[in-house]
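Inspection log for the structure reproduced underneath, given as structure tokens.
In our numbering, the protein residues as written are 36 to 160.
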């Protein structure tokens, strides 16, 4: 980019008078500096955004251990609450009977269809 811009600047400047060529050179240099400055600002802004995103990801990874500890703490607390509640309620029907009760009426068994009798074969001698 810079070499092409320099060639174009020199090519146009050859046909100018001395003062116009000087003004042309200052205009090109100021344009290049402005372009370089804008590109640098954009690069710095994008780099900053990228670094902040990586920082938040690293913090989130560090917080995973804290989250696991918090989940384990809540699980243990809930288990203790359920244990105290079950002890307060006493034994239930399900804990006394190990088998489910039998149904009151047995299910009717379907009748099997009658099979046709096999044909009788006569002996031929």
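Even for Gly, the Cβ is constructed at its ideal location relative to N, Cα and C. Source: prediction; values computed, not measured.
### Query
What are the boundary residues of the alpha helix (DSSP H) that residue 245 is part of?
Only positions 36 to 160 of the chain appear in the structure, and residue 245 is not among them; the question remains open.
### Query
Between residue 145 and the ligand FAD, is the CB less than 7 Å from at least one heavy atom?
Absence of the ligand FAD is noted for the structure shown, with no ligands found whatsoever.
### Message
Between the stretch 59-75 and the stretch 41-48, can you find at least three pairs of beta-carbon atoms closer than 8 Å?
### Response
yes
### Task
Have a look at residue 43 and residue 37 and give me their C-alpha separation to the nearest angstrom.
Residue 43 and residue 37 have their C-alpha atoms roughly 10 Å apart.
### Task
Could you check the C-alpha separation between residue 5 and residue 92 for me, to the nearest Å?
No statement about residue 5 is possible, as the shown extent of the chain runs from 36 to 160 and does not include it.
### Whether residue 67 touches residue 40 by CB criterion (8 Å)
yes
### C-alpha distance - residue 119 paired with residue 96, whole-angstrom precision
For residue 119 and residue 96, the gap between their C-alpha atoms comes out near 36 Å.
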